[in-house]
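Undergrad: Okay, so the sequence shown: first residue is 1 according to full-length UniProt numbering, each after it adds one.
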Amino acid sequence: MVLESKSAAININKIGQVEASKIEQCLCGFFNQTWRFLLLMGLDGTVIEVNQASLTFFGLEKTTVVSRPVWYILGKSISPQANTQLREAIACAAQGKLIRDQLHILGTENRTSTIEYSVQAIRGETGQIIALMWEGQVVELTEPKLNQQALRESKQLFQAMADTAPVMIWMSGVEKLCNYFNKPWLDFTGRTMEQELGSGWAEGVHPEDLERCLHTCVTAFDTRQNFIMEYRLRRFDGEYRWILDTGAPRWNEDGSFAGYIGSCIDISDRKQTELAVQQRAEELTRVNTILAQTTAMLKKRNDELDQFAYVTSHDLKAPLRAIANLSEWIEEDLQDQLPEENRQQMRLLRGRVQRMEALINGLLEYSRIGRIKTPVSVVKVGEMLQEVIESLAPPPTFTIEIQPRMPTLLTKRLPLQQVFSNLISNAIQHHNRSDGHVKISVEDRGDYYEFAVADDGPGIACEFQNKIFVIFQTLEAPDHKESTGVGLAIVKKIVETETGTITLNSQLGAGSTFRFTWPKQPKE
1 MVLESKSAAI NINKIGQVEA SKIEQCLCGF FNQTWRFLLL MGLDGTVIEV NQASLTFFGL
61 EKTTVVSRPV WYILGKSISP QANTQLREAI ACAAQGKLIR DQLHILGTEN RTSTIEYSVQ
121 AIRGETGQII ALMWEGQVVE LTEPKLNQQA LRESKQLFQA MADTAPVMIW MSGVEKLCNY
181 FNKPWLDFTG RTMEQELGSG WAEGVHPEDL ERCLHTCVTA FDTRQNFIME YRLRRFDGEY
241 RWILDTGAPR WNEDGSFAGY IGSCIDISDR KQTELAVQQR AEELTRVNTI LAQTTAMLKK
301 RNDELDQFAY VTSHDLKAPL RAIANLSEWI EEDLQDQLPE ENRQQMRLLR GRVQRMEALI
361 NGLLEYSRIG RIKTPVSVVK VGEMLQEVIE SLAPPPTFTI EIQPRMPTLL TKRLPLQQVF
421 SNLISNAIQH HNRSDGHVKI SVEDRGDYYE FAVADDGPGI ACEFQNKIFV IFQTLEAPDH
481 KESTGVGLAI VKKIVETETG TITLNSQLGA GSTFRFTWPK QPKE
């Protein structure tokens with residue numbers, strides 16, 4: 001029997017029986033006496049024979065080893081990664097390949113040792129693989145080997161971290177060419193490492209961004225500076241996506257420049273949001289410009305309206321007063337010559353003139369509400385109501401009751417006084433009895449006070465209640481009552497200008513109650 005090496009395998013051929021027996025005895029002696037670890041295995045990794053050196057090192061009995069897979073025997077002594085590595089080595093050796101590798105194994109003294117091993121095939125007479133030989137030995141790692149191992153482990157750790165990171169990572173050397181891309185980058189672009197290496201990655205950059213992108217990279221490389229840039233990169237489906245790329249220089253231990261490392265994230269969604277925000281901002285700017293122009297135009301129109309109202313009131317009231325004076329002069333000059341019927345017509349004429357003048361004054365007052373700045377002062381509502389009632393001079397038989405403990409406000413006195421004056425005057429003027437009764441009360445409504453002016457007059461039918469706040473709307477003929485239809489419209493506009501509300505609660509024949517809210521703090 002002879003041994004010959006062929007394709008890293010042991011080939012056993014038939015020779016004389018005596019020689020074979022002698023060689024077999026020598027091999028058995030070598031198998032058990034060598035200090036190396038030897039395991040004879042089947043093609044599936046099942047242990048057929050194990051030498052004493054292996055049993056001693058691992059602290060095992062032969063009966064627990066033979067007929068079991070080698071990775072099962074070493075299961076607690078090696079890491080899961082090493083277990084997988086060993087399975088792959090045996091599978092490759094079973095195909096005739098010579099395998100050399102290292103394992104980190106926990107020995108009997110709980111010390112981790114590094115074993116260099118090889119696995120090779122054993123061939124039979126016809127050259128077919130009939131078994132595997134696993135041979136190993138403990139190696140003492142010198143400092144260079146330790147450094148190599150640490151470097152290898154560091155690279156493996158970096159590779160694992162880079163491939164599982166939620167960002168795309170690239171690296172380049174000092175020659176400004178990329179030499180690494182992680183798995184997320186390759187998955188994103190749908191290209192291979194070979195396609196991306198060097199300057200191949202630039203093929204995926206949008207043509208409109210490429211020159212700017214390369215200029216940023218080269219400038220940063222030349223100055224050894226960090227850089228941040230945005231560009232469009234073609235995804236595996238052909239769509240260009242916006243990428244935020246952040247690069248930083250790498251340095252060797254001796255301080256020499258080693259190249260660059262960078263990370264990229266897809267910011268397309270953010271860019272779309274920014275674009276939408278920008279478009280909205282531009283739209284708001286356009287709207288604000290229109291509003292500013294409209295505001296300026298309205299201010300100009302309001303100024304023109306103020307001037308028109310002043311001129312109109314002056315130009316209209318002057319001839320009206322002249323007509324009233326002329327009617328009085330005619331009546332005085334003619335005296336007894338003027339029949340009573342004509343005197344009555346003259347008085348009717350002056351009444352119409354007075355009503356027209358009141359209408360003009362009311363219209364002027366209505367147009368100025370909210371456009372004339374009114375000073376704020378401390379107003380004692382109870383005292384102000386007394387002044388209003390005295391100025392209205394109600395009939396002696398008319399009763400006006402003011403609820404005690406009326407509030408004191410920091411507010412605009414004139415608008416509030418106008419509201420009360422119009423409501424109280426309206427209650428007196430449209431009452432159907434000379435002994436009518438009006439009650440003024442107040443309720444605290446948080447940020448507002450709610451005032452009420454209630455009378456026991458004829459009331460207002462439901463179908464007319466929505467009309468009374470419309471300017472120039474009256475419920476009776478102008479000749480019957482001296483009403484311009486402006487008073488309640490003025491009240492509503494003043495209250496709403498001061499952020500309040502006004503309502504009417506009335507039933508025909510049961511009186512009316514006007515309620516309005518007024519802010520405790522003046523409007524800004």
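For each residue, glycine too, the CB sits at the ideal point set by N, CA and C. A quick note: this is a predicted structure, and the numbers were derived from the prediction, not measured.
Can you check which of these residues, 42, 272 and 66, is closest to residue 50 by C-alpha distance?
TA: Here the closest residue by C-alpha is 66.
Undergrad: Within its chain, find whatever has a CB closer than 8 Å to the CB of residue 17; leave out the 5 residues flanking it on each side and keep chain order.
TA: Only weak support is given to the placement of residue 17: the predicted model assigns it a pLDDT of 46, under 50, and the value that follows is read from those uncertain coordinates. Same-chain partners within the cutoff: there are none.
Undergrad: Does the Cβ-Cβ distance between residue 350 and residue 327 come in under 7 Å?
TA: Yes, Cβ-Cβ distance for residue 350 and residue 327 is below 7 Å.
Undergrad: Which ranges does the alpha helix (DSSP H) cover as unbroken runs of at least 4 residues, wholly within the region 171-207, from first to last along the chain?
TA: Correct list: 183-189 and 193-196.
Undergrad: Hey, residue 346 and residue 332 are a contact pair by Cβ (cut 8 Å); roughly how many whole angstroms apart?
TA: Contact flag wrong, Cβ pair sits at about 10 Å.
Undergrad: Using the Cα positions of residue 254 and residue 198, report the straight-line distance between them to the nearest angstrom.
TA: Cα-Cα distance, rounded: 25 Å.
Undergrad: Exposed or buried, which one is residue 252 when buried takes at least 16 other CB atoms within 10 Å?
TA: Under this definition residue 252 is an exposed residue.
Undergrad: Could you check what DSSP says for residue 329 in three-state terms: helix, strand or coil?
TA: Residue state, collapsed to three classes: helix.
Undergrad: So for residue 57, helix, strand or coil by DSSP?
TA: Reduced to three states, the DSSP call for residue 57 is helix.
Undergrad: Of all the options 63, 128, 102 and 224, which has the alpha carbon lying nearest to the alpha carbon of residue 95?
TA: Ranking the options by Cα distance to residue 95, first place goes to 128.
Undergrad: Give the single residue among 495, 213, 217 and 168 whose Cα lies nearest to the Cα of residue 413.
TA: Of the listed residues, the one whose Cα sits closest to residue 413 is 495.
Undergrad: Using alpha carbons as the reference points, say which of 174, 70 and 161 lies closest to residue 183.
TA: When only C-alpha atoms are compared, the closest one is 161.
Undergrad: Using 7 Å as the limit for Cβ to Cβ distance, is residue 213 near chain C?
TA: Of the chains in the structure shown, none is chain C; there is only one protein chain.
Undergrad: Identify, in the order they occur along the chain, each residue of the same chain with its Cβ nearer than 6 Å to the Cβ of residue 323, setting aside the five sequence neighbours on each side.
TA: Excluding residues within five positions, the ones whose Cβ falls inside 6 Å are 353.
Undergrad: Who pairs with residue 450 in a beta bridge, going by DSSP?
TA: Partner(s): 443 and 517.
Undergrad: Between the C-alpha atoms of residue 194 and residue 120, what's the straight-line distance to the nearest angstrom?
TA: Cα to Cα, residue 194 sits roughly 33 Å from residue 120.
Undergrad: Under a Cβ-count criterion, where at least 16 other Cβ atoms within 10 Å of its own Cβ denotes burial, should residue 459 be classed as buried or exposed?
TA: With 16 or more Cβ atoms within 10 Å of its Cβ, residue 459 is classed as buried.
Undergrad: Excluding the five sequence neighbours on either side, which residues of its own chain have a C-beta within less than 6 Å of the C-beta of residue 303, listed in chain order?
TA: The answer is none, since no qualifying residue turns up.
Undergrad: In chain order, which continuous runs of the beta strand (DSSP E) of length 3 or greater are located wholly inside the region 48-130?
TA: Entirely contained in the region 48-130, the beta strand (DSSP E) runs reaching 3 residues are, in chain order, 99-106 and 112-123.
Undergrad: For residue 493, count neighbouring Cβ atoms within 10 angstroms of its own Cβ and tell me buried if that reaches 16, exposed if not.
TA: Buried, by the Cβ-count rule.
Undergrad: Got a sec? Which residues, its chain only, sit under 6 Å from residue 443 by beta carbon, not counting five neighbours each side?
TA: Taken in chain order, the residues that qualify are 450.
Undergrad: Do you know offhand how far residue 189's Cα is from residue 205's?
TA: Spanning the two alpha carbons is a distance of roughly 10 Å.
Undergrad: Report all residues from its chain with a CB closer than 6 Å to the CB of residue 478; omit the five preceding and five following residues, and keep chain order.
TA: With a pLDDT of only 49 at residue 478, under 50, the local geometry of the prediction cannot be trusted, and the value read off the model is given with reservation. For residue 478, where only same-chain residues beyond five positions count, there are no Cβ hits under 6 Å.
Undergrad: State buried or exposed for residue 123, treating a residue as buried only when at least 16 other CB atoms are found within 10 Å of its CB.
TA: Classification of residue 123: buried, given that the 10 Å Cβ count is 16 or more.
Undergrad: Over the uninterrupted beta strand (DSSP E) stretch that includes residue 229, give me the two end residues.
TA: Where residue 229 is concerned, the enclosing beta strand (DSSP E) stretches over 227-234.
Undergrad: To the nearest whole angstrom, what separates the beta carbons of residue 102 and residue 114, a pair I think is in contact under 8 Å?
TA: With a Cβ gap of about 6 Å, residue 102 and residue 114 count as contacting.
Undergrad: What's the gap between the Cα of residue 6 and the Cα of residue 135?
TA: Confidence in residue 6 is poor, its pLDDT being 36 and thus under 50, which makes the residue's placement unreliable; the coordinate value appears in the next sentence. Rounded to whole angstroms, residue 6 to residue 135 spans 18 Å at the Cα level.
Undergrad: Taking C-alpha atoms, which residue in 54, 83, 82 and 87 lies nearest to residue 43?
TA: Of the candidates 54, 83, 82 and 87, the one whose C-alpha sits nearest the C-alpha of residue 43 is 87.
Undergrad: Which whole-angstrom value describes the C-beta separation of residue 514 and residue 461, a residue pair presumed to lie in contact below a C-beta threshold of 8 Å?
TA: With 8 Å as the limit, residue 514 and residue 461 do not qualify as a contact, their Cβ atoms being about 16 Å apart.
Undergrad: Look at residue 410 and residue 381 and say whether their C-beta atoms are less than 7 Å apart.
TA: Not closer than 7 Å, so no.
Undergrad: Just tell me which of 77, 47 and 208 has its CA closest to the CA of residue 63.
TA: Out of 77, 47 and 208, 47 has the C-alpha closest to the C-alpha of residue 63.
Undergrad: Spatial neighbours of residue 503 within its chain, please: C-beta separation below 6 Å, excluding the five flanking residues on both sides.
TA: These residues qualify, in order along the chain: 515.
Undergrad: Report the option in 106, 41 and 247 whose CA atom is closest to the CA atom of residue 93.
TA: Out of 106, 41 and 247, 41 has the C-alpha closest to the C-alpha of residue 93.
Undergrad: Where do the N-terminal and C-terminal ends of the alpha helix (DSSP H) with residue 420 fall, by residue?
TA: That run of the alpha helix (DSSP H) goes 413-429.
Undergrad: What is the C-beta distance between residue 389 and residue 424, in whole angstroms, given that I count them as a contact (C-beta under 8 Å)?
TA: Going by Cβ atoms, the distance from residue 389 to residue 424 rounds to 7 Å, so yes, they are a contact pair.
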